[in-house]
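**Q**
There are 2 protein chains.
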Amino acid sequence: MQHPTSFLQRYESYKQAVEGALALCTPQSEPETLYAPMRYTLESGGKRVRPVLAMMACDAVGGNGMDALYAGIAVEILHNFTLIHDDIMDAAAVRRGNPTVHVKWNESAAILSGDGMIAIAYQTLLRSSDLKRLRELIDAMNIGILEVCEGQAFDLEFQDRASISIEEYFRMIEKKTAKMLELAVKVGGILGGGSGTQIEALCHYAKAAGIAFQVQDDWLDIAADGAKLGKTIGGDILEGKKTFLIIKALEQYDSLSAADRLLMDEFLAKRGLPAEQIPAMQSLFERNGIFAEARTTVERLTKEAHEAVDILPDGAGRTYLHEFATMLLERTH
Amino acid sequence: MQHPTSFLQRYESYKQAVEGALALCTPQSEPETLYAPMRYTLESGGKRVRPVLAMMACDAVGGNGMDALYAGIAVEILHNFTLIHDDIMDAAAVRRGNPTVHVKWNESAAILSGDGMIAIAYQTLLRSSDLKRLRELIDAMNIGILEVCEGQAFDLEFQDRASISIEEYFRMIEKKTAKMLELAVKVGGILGGGSGTQIEALCHYAKAAGIAFQVQDDWLDIAADGAKLGKTIGGDILEGKKTFLIIKALEQYDSLSAADRLLMDEFLAKRGLPAEQIPAMQSLFERNGIFAEARTTVERLTKEAHEAVDILPDGAGRTYLHEFATMLLERTH
Numbered sequence: 014m015q016h017p018t019s020f021l022q023r024y025e026s027y028k029q030a031v032e033g034a035l036a037l038c039t040p041q042s043e044p045e046t047l048y049a050p051m052r053y054t055l056e057s058g059g060k061r062v063r064p065v066l067a068m069m070a071c072d073a074v075g076g077n078g079m080d081a082l083y084a085g086i087a088v089e090i091l092h093n094f095t096l097i098h099d100d101i102m103d104a105a106a107v108r109r110g111n112p113t114v115h116v117k118w119n120e121s122a123a124i125l126s127g128d129g130m131i132a133i134a135y136q137t138l139l140r141s142s143d144l145k146r147l148r149e150l151i152d153a154m155n156i157g158i159l160e161v162c163e164g165q166a167f168d169l170e171f172q173d174r175a176s177i178s179i180e181e182y183f184r185m186i187e188k189k190t191a192k193m194l195e196l197a198v199k200v201g202g203i204l205g206g207g208s209g210t211q212i213e214a215l216c217h218y219a220k221a222a223g224i225a226f227q228v229q230d231d232w233l234d235i236a237a238d239g240a241k242l243g244k245t246i247g248g249d250i251l252e253g254k255k256t257f258l259i260i261k262a263l264e265q266y267d268s269l270s271a272a273d274r275l276l277m278d279e280f281l282a283k284r285g286l287p288a289e290q291i292p293a294m295q296s297l298f299e300r301n302g303i304f305a306e307a308r309t310t311v312e313r314l315t316k317e318a319h320e321a322v323d324i325l326p327d328g329a330g331r332t333y334l335h336e337f338a339t340m341l342l343e344r345t346h
Numbered sequence: 014m015q016h017p018t019s020f021l022q023r024y025e026s027y028k029q030a031v032e033g034a035l036a037l038c039t040p041q042s043e044p045e046t047l048y049a050p051m052r053y054t055l056e057s058g059g060k061r062v063r064p065v066l067a068m069m070a071c072d073a074v075g076g077n078g079m080d081a082l083y084a085g086i087a088v089e090i091l092h093n094f095t096l097i098h099d100d101i102m103d104a105a106a107v108r109r110g111n112p113t114v115h116v117k118w119n120e121s122a123a124i125l126s127g128d129g130m131i132a133i134a135y136q137t138l139l140r141s142s143d144l145k146r147l148r149e150l151i152d153a154m155n156i157g158i159l160e161v162c163e164g165q166a167f168d169l170e171f172q173d174r175a176s177i178s179i180e181e182y183f184r185m186i187e188k189k190t191a192k193m194l195e196l197a198v199k200v201g202g203i204l205g206g207g208s209g210t211q212i213e214a215l216c217h218y219a220k221a222a223g224i225a226f227q228v229q230d231d232w233l234d235i236a237a238d239g240a241k242l243g244k245t246i247g248g249d250i251l252e253g254k255k256t257f258l259i260i261k262a263l264e265q266y267d268s269l270s271a272a273d274r275l276l277m278d279e280f281l282a283k284r285g286l287p288a289e290q291i292p293a294m295q296s297l298f299e300r301n302g303i304f305a306e307a308r309t310t311v312e313r314l315t316k317e318a319h320e321a322v323d324i325l326p327d328g329a330g331r332t333y334l335h336e337f338a339t340m341l342l343e344r345t346h
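Protein sequence lines, in the order shown, are assigned to chains W and R.
With my numbering applied, the first sequence closes on residue 346, and no number is skipped along the way.
With my numbering applied, the second sequence closes on residue 346, and no number is skipped along the way.
#1: Are the C-beta atoms of W:Tyr135 and some chain R residue less than 8 Å apart?
#2: Per DSSP, W:Asn111 forms a beta bridge with which residues?
#3: Mind the definition here: the segment 144-157 of chain R touches the segment 100-110 of chain W only if three or more C-beta pairs lie below 8 Å; say whether that holds.
#4: Quick one: complete alpha helix (DSSP H) runs, 4+ long, within the segment 40-100 of chain R?
#5: Pull up the CB-CB distance for R:Thr315 and R:Leu342, whole angstroms please, since I reckon it's below 8 Å.
#6: So, does the CB of R:Glu170 fall closer than 8 Å to a CB anywhere in chain W?
#7: Mind checking if W:Arg148 is an interface residue toward chain R, Cβ cutoff 8 Å exclusive?
#8: Is W:Phe167 closer than 8 Å to R:Pro44 when the C-beta atoms are compared?
#9: Quick check on the burial criterion: 16 or more other C-beta atoms within 10 angstroms. Buried or exposed for W:Gly201?
#10: Taking C-alpha atoms, which residue in W:Gln211, W:Leu169, W:Lys199, W:Glu160 lies nearest to W:Glu187?
#11: Which residues bound the alpha helix (DSSP H) around R:Thr332?
#12: Just curious, the alpha helix (DSSP H) that W:Gly223 is in, first and last residue?
#13: Please report the distance separating the alpha-carbon of R:Asp402 from that of R:Ala318.
#14: W:Cys162 versus chain R: which residues are under 7 Å apart at the beta carbon?
#15: For R:Ser121, go through chain W and note every residue whose CB falls closer than 7 Å to its CB, in chain order.
#16: Say whether chain W places a C-beta atom closer than 8 Å to the C-beta of R:Gln165.
#17: At least one CB of chain W closer than 8 Å to the CB of R:Asp80: is that the case?
#18: Quick one: grab the DSSP three-state call for W:Arg140.
#19: Counting only beta-carbon separations shorter than 8 Å, does R:Phe151 have a partner in chain W?
#20: Rounded to whole angstroms, how far is the Cβ of W:Gly347 from the Cβ of W:Gly164, which I believe are closer than 8 Å?
#21: Would you mind reading off the limits of the alpha helix (DSSP H) that contains W:Thr310?
#22: Look up W:Arg174 in the DSSP assignment and say whether it is helix, strand or coil.
#23: When DSSP labels each residue in this structure, what does W:Gln15 get in the three-state scheme?
#24: Specify the secondary structure class of R:Gly239 as computed by DSSP and reduced to three states.
#25: When you compare the CB of W:His346 with every CB in chain R, is at least one pair closer than 8 Å?
#26: Leaving out five residues on either side along the sequence, give the residues of the same chain with a beta carbon under 7 Å from the beta carbon of R:Pro326.
#27: Go to R:Glu366, then tell me how far its alpha helix (DSSP H) extends in each direction, as first and last residue.
#28: Which residues in chain R sit within 7 Å of W:His98, going by Cβ to Cβ distance?
#29: How long is the line joining the alpha carbons of W:Gly239 and W:Asp231, rounded to whole angstroms?
#30: Take R:Gly248 and list the residues in its own chain whose beta-carbon comes closer than 7 Å to its own, dropping the five residues that flank it on each side.
#31: Do the CB positions of W:Gly157 and W:Leu91 come within less than 8 Å of each other?
#32: DSSP three-state label for R:Arg23, please.
#33: Would you say W:Ala132 lies against chain R (beta-carbon separation less than 8 Å)?
#34: Over what stretch of residues does the alpha helix (DSSP H) that includes W:Arg274 continue unbroken?
#35: Would R:Asn111 be called buried (16 or more neighbouring beta carbons within 10 Å of its own) or exposed?
#36: Taking the beta carbon of W:Thr54 as the centre, do at least 16 other beta carbons fall within 10 Å, making it buried, or is it exposed?
Printed below as a string of structure tokens:
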């Protein structure tokens with residue numbers, strides 16, 4: 014999709030401010046095994062979705078986006094801490110095309126550098142120019158961290174359970190995926206001087222957009238055009254992950270054909286399927302309207318995100334949030 | 014040593030307040046794999062050294078110790094987070110006579126519950142009745158966490174290095190062992206309305222007392238009367254740890270006897286010695302005055318701790334800090 018030049022320019026200038034300031038937030042000191050993994054992770058790029066979103070949320074409530082720079086970077090640092098620790102738990106060897114921290118160094122370095130990044134995130138937040146709402150900011154950070162841990166714990170628990178309801182799935186991704194976006198708009202909204210109602214609207218927006226993002230992520234993993242993203246098609250199927258698609262298929266298990274039921278049984282029993290069975294799973298999703306349901310869900314949630322911010326002042330800031338929600342779906346981050 | 018009744022009573026009443034309030038700070042909610050390990054760890058008792066110390070530091074600057082209750086508990090929670098994560102890195106199977114979290118659950122649960130405890134520590138701090146110096150409190154927490162991570166990283170790095178200077182050793186234990194005591198007195202001093210100079214004095218006190226504690230811990234590990242603590246004598250020697258004693262012995266390597274040099278060479282080459290060689294190592298330490306040096310160092314640091322708080326108002330609060338520093342050396346915690 015084509016975004017207006019003004020949005021793209023704003024995004025780019027905020028992103029550059031983030032890159033510049035982030036370099037100052039990363040300690041250069043000893044011990045090397047603590048700080049080198051932090052720099053490695055934080056300097057590995059990415060779209061800096063969370064800090065830019067924090068800054069745009071600050072704009073959208075009538076503030077000056079740059080006032081949310083350090084708070085946004087704090088959220089980016091937290092996001093990266095979760096990646097390092099999740100990669101240990103998921104035994105992931107590669108992240109953004111590079112070896113993960115626990116592979117490049119070792120597990121202790123990955124645990125410790127992630128821990129230290131939490132403290133650095135709070136330190137970075139304290140660099141914000143205006144701290145009169147510090148208590149609210151700290152409270153938001155605390156809840157953000159705790160819920161992202163809850164999300165990861167639910168995700169791990171679900172891997173060992175045969176049946177997950179769609180409500181449980183949504184609760185899990187709301188915490189695991191959407192929470193850091195919600196934290197970003199919350200700190201941005203606070204630093205922009207937003208009211209309680211405005212901040213609630215921003216959080217509603219980020220939650221809907223974050224869940225839409227994850228449902229689409231589940232869907233693109235096995236959709237034919239996922240290949241464009243340079244990812245293995247069907248990685249989630251190989252790993253036996255209980256995605257939106259799998260849970261939806263299990264919801265209608267009783268009305269599936271005998272062959273489809275067998276395929277689902279095999280997926281559950283073996284905790285995943287070999288690559289040659291991915292086309293059969295694609296066909297199952299296609300024939301049973303599950304791809305269509307994913308698409309509808311993403312559209313509904315995106316609309317919900319757009320509408321949530323309708324109470325904010327009409328202006329460029331609000332438009333940027335609309336663009337942002339759309340951009341989130343354009344991948345890959 | 015016999016402590017005055019007033020100190021023991023004060024200690025006990027603060028400890029009870031900590032136990033009562035701590036139970037309220039530990040979430041009871043789902044997911045179970047996140048919160049059960051937290052409760053397991055926080056409810057496993059201990060002397061609650063750090064929160065009681067925070068409360069006594071608050072008293073010592075003229076405040077009301079109970080005002081530092083939640084801040085002290087925040088430090089206790091941080092201390093317990095470090096235990097859970099350190100136990101993973103050290104592959105420790107037992108802590109306080111119980112299986113460690115990564116053994117009783119699994120490593121993912123141990124990583125996640127430790128992470129979540131950091132957020133809960135900040136949340137607990139926010140329960141304090143007076144938050145007008147919140148920025149200072151948060152800053153202290155951030156630095157405390159970061160330095161305790163630095164201490165652990167140095168400790169792990171030192172295990173892979175042949176030679177460690179005594180200055181490096183002190184820097185490491187200052188961060189790994191003393192920092193959480195320093196954080197305790199700092200938040201206590203802030204909440205007691207202490208001045209910058211008073212808080213500096215409290216930190217000096219806690220640092221000296223913390224280092225004394227660790228040197229004595231190294232020493233008791235292999236001293237004959239260590240058995241009283243119910244610990245294996247010479248555990249550090251078996252594990253090849255570079256303790257105060259080992260570093261001091263290596264400092265005078267050139268003047269050791271040929272047999273002693275051989276023993277030290279073997280310790281370094283094999284990263285530890287078998288149990289039957291522990292008496293030889295004890296004899297080495299004894300004959301070369303290293304036990305005496307440990308004893309002198311502990312005495313010097315304890316004196317330093319006592320003197321550091323001489324600038325505080327004369328009264329029961331200051332006396333309690335003197336008692337506290339002595340008590341710390343009475344083990345075991």
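For each residue, glycine too, the CB sits at the ideal point set by N, CA and C.
**A** If we stick to the structure as given:
#1: yes
#2: W:Arg108
#3: no
#4: 45-55, 62-73
#5: 7 Å
#6: yes
#7: yes
#8: yes
#9: buried
#10: W:Glu160
#11: 329-341
#12: 209-235
#13: Because chain R spans 14 through 346 in this model, residue 402 of chain R falls outside it and cannot be assessed.
#14: Leu47, Leu125, Asp128, Gly129
#15: Met102, Leu169
#16: yes
#17: no
#18: coil
#19: It should be pointed out that residue 151 of chain R corresponds to Ile in this sequence rather than to Phe. True, the Cβ-Cβ gap to chain W drops below 8 Å.
#20: It is not possible to answer for residue 347 of chain W, since the shown part of chain W is limited to 14 through 346.
#21: 303-321
#22: coil
#23: coil
#24: For R:Gly239, the predicted structure reports a pLDDT of 48, less than 50, and the residue's modelled location is therefore unreliable. A value from the coordinates is still provided. In this structure, R:Gly239 counts as helix in the three-state DSSP scheme.
#25: Any reading at W:His346 needs caution, since the residue's pLDDT is 39, under 50, leaving its predicted position unreliable; the model's value is listed next. So no, W:His346 is outside the interface.
#26: Gly75
#27: Outside the modelled stretch of chain R, which goes from 14 to 346, sits residue 366 of chain R, for which no answer is possible.
#28: Ile124, Asp128
#29: Because the pLDDT at W:Gly239 is just 48, under 50, the model does not fix this residue reliably, and the value given afterwards should be weighed accordingly. In a straight line, the C-alpha of W:Gly239 is about 10 Å away from that of W:Asp231.
#30: Asp234
#31: yes
#32: helix
#33: yes
#34: 271-282
#35: exposed
#36: buried
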